[in-house]
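Same order as they appear, the protein sequences are chains A and B.
My numbering puts the first residue of the first sequence at 22, with every later residue one more than the last.
My numbering puts the first residue of the second sequence at 4, with every later residue one more than the last.
Glycine is no exception: its CB is placed at the ideal position from the N, C-alpha and C atoms.
From a predicted model like this one, the values you see are computed outputs, not experimental measurements.
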Amino acid sequence: TQLLEQSPQFLSIQEGENLTVYCNSSSVFSSLQWYRQEPGEGPVLLVTVVTGGEVKKLKRLTFQFGDARKDSSLHITAAQPGDTGLYLCARSTGKLIFGQGTTLQVKP
Amino acid sequence: DTGVSQNPRHKITKRGQNVTFRCDPISEHNRLYWYRQTLGQGPEFLTYFQNEAQLEKSRLLSDRFSAERPKGSFSTLEIQRTEQGDSAMYLCASSLVGVELSPLHFGNGTRLTVT
């Protein structure tokens with residue numbers, strides 16, 4: 022059972038466009054992690070958010086944790102083909118529970 | 004730090020056969036996790052160990068699945084009497100105790116195809 026809902030499930034955009042993916046739950050998170058996974062590889066951690074309302078930036082990626090700590094978003098500015106991959110949010114309950122992921126395809 | 008290593012990378016087997024996968028975690032990590040992932044979906048938790056103790060096992064894991072970590076270092080995942088529905092990517096990850104702020108480091112997985 023997935024406790025995290027990610028949307029959209031699939032996104033195909035042109036290079037240079039902006040996009041936002043969302044991660045929602047009915048439960049409060051103590052922390053939330055975002056991972057990116059490329060084909061044939063395991064997921065790699067991008068960021069961990071802990072505090073409600075927190076905003077973290079990683080180059081062109083901006084991560085936000087909702088004030089109530091029930092949701093999070095990932096915004097990518099000026100997407101590039103190298104951003105293509107599966108984006109996963111995950112919450113910790115002793116182990117990590119992942120959302121179903123957002124597959125992003127950025128076309129040159 | 005050579006990262007998490009999984010072997011084999013690919014395994015093709017016939018339905019009904021047994022298969023075993025191996026995971027070598029990052030050496031100083033005492034937690035080890037197994038996940039299963041199908042194409043385009045997020046990883047699904049199977050089980051995890053702290054040192055040699057298996058702390059939790061998902062209800063997704065039928066009796067045909069067993070995992071061990073005998074000396075608290077490498078781990079094996081065995082699937083007996085494989086079925087076509089077992090076809091997936093099997094991912095191993097390791098971390099320090101305390102996943103809250105300690106990220107999981109994943110291997111590149113073992114892709115299982117059951118024909």
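DSSP-derived helix/strand/coil call for residue i
| i | result |
| --- | --- |
| A:G103 | helix |
| A:T22 | Note that A:T22 scores a pLDDT of 46, beneath 50, so its modelled location is shaky and nothing firm can be said. |
| B:D27 | strand |
| A:T69 | strand |
| B:Q87 | helix |
| B:F48 | strand |
| A:T124 | strand |
| A:F50 | coil |
| B:S65 | coil |
| B:L42 | coil |
| A:Q35 | strand |
| A:Q27 | strand |
Paired residues, beta bridge with residue i - DSSP
| i | result |
| --- | --- |
| B:H13 | B:R114 |
| B:H108 | B:S97 |
| B:K74 | B:K74 pairs with nothing; no bridge assigned. |
| B:R34 | B:Q53 and B:S98 |
| B:V22 | B:I82 |
Continuous beta strand (DSSP E) stretch holding residue i: start and end
| i | result |
| --- | --- |
| A:D92 | D92 to I97 |
| A:A89 | Segment: none, A:A89 is in no beta strand (DSSP E) and carries neither H nor E. |
| B:Q57 | A56 to K60 |
| A:T41 | L40 to N45 |
| A:K77 | V76 to L79 |
| A:F119 | L117 to F119 |
Beta-carbon neighbours of residue i, restricted to chain B and to distances below 7 Å
| i | result |
| --- | --- |
| A:Q54 | P106 |
| A:E62 | N111 |
| A:F119 | G45 and P46 |
| A:K91 | What A:K91 touches in chain B: nothing, since even the nearest Cβ is about 17 Å away. |
| A:K116 | Y36, F48, Y51, E59 and V102 |
Per-residue contacts from residue i into chain A (C-beta, under 9 Å)
| i | result |
| --- | --- |
| B:P11 | Result: empty, since nearest Cβ-Cβ is about 14 Å, beyond 9 Å. |
Within chain B, partners of residue i - CB distance below 8 Å
| i | result |
| --- | --- |
| A:K2 | What the structure shows of chain A is the stretch from 22 to 129, and residue 2 of chain A is not part of that stretch, so it cannot be assessed. |
Contacts of residue i in chain C (Cβ-Cβ under 8 Å)
| i | result |
| --- | --- |
| B:Y93 | No chain C is present in this structure, whose protein chains are A and B. |
heavy atom of the ligand GDP below 6 Å from residue i C-beta
| i | result |
| --- | --- |
| A:S28 | By its list of ligands, the structure shown contains no ligand whatsoever, and the ligand GDP lies outside what it can speak to. |
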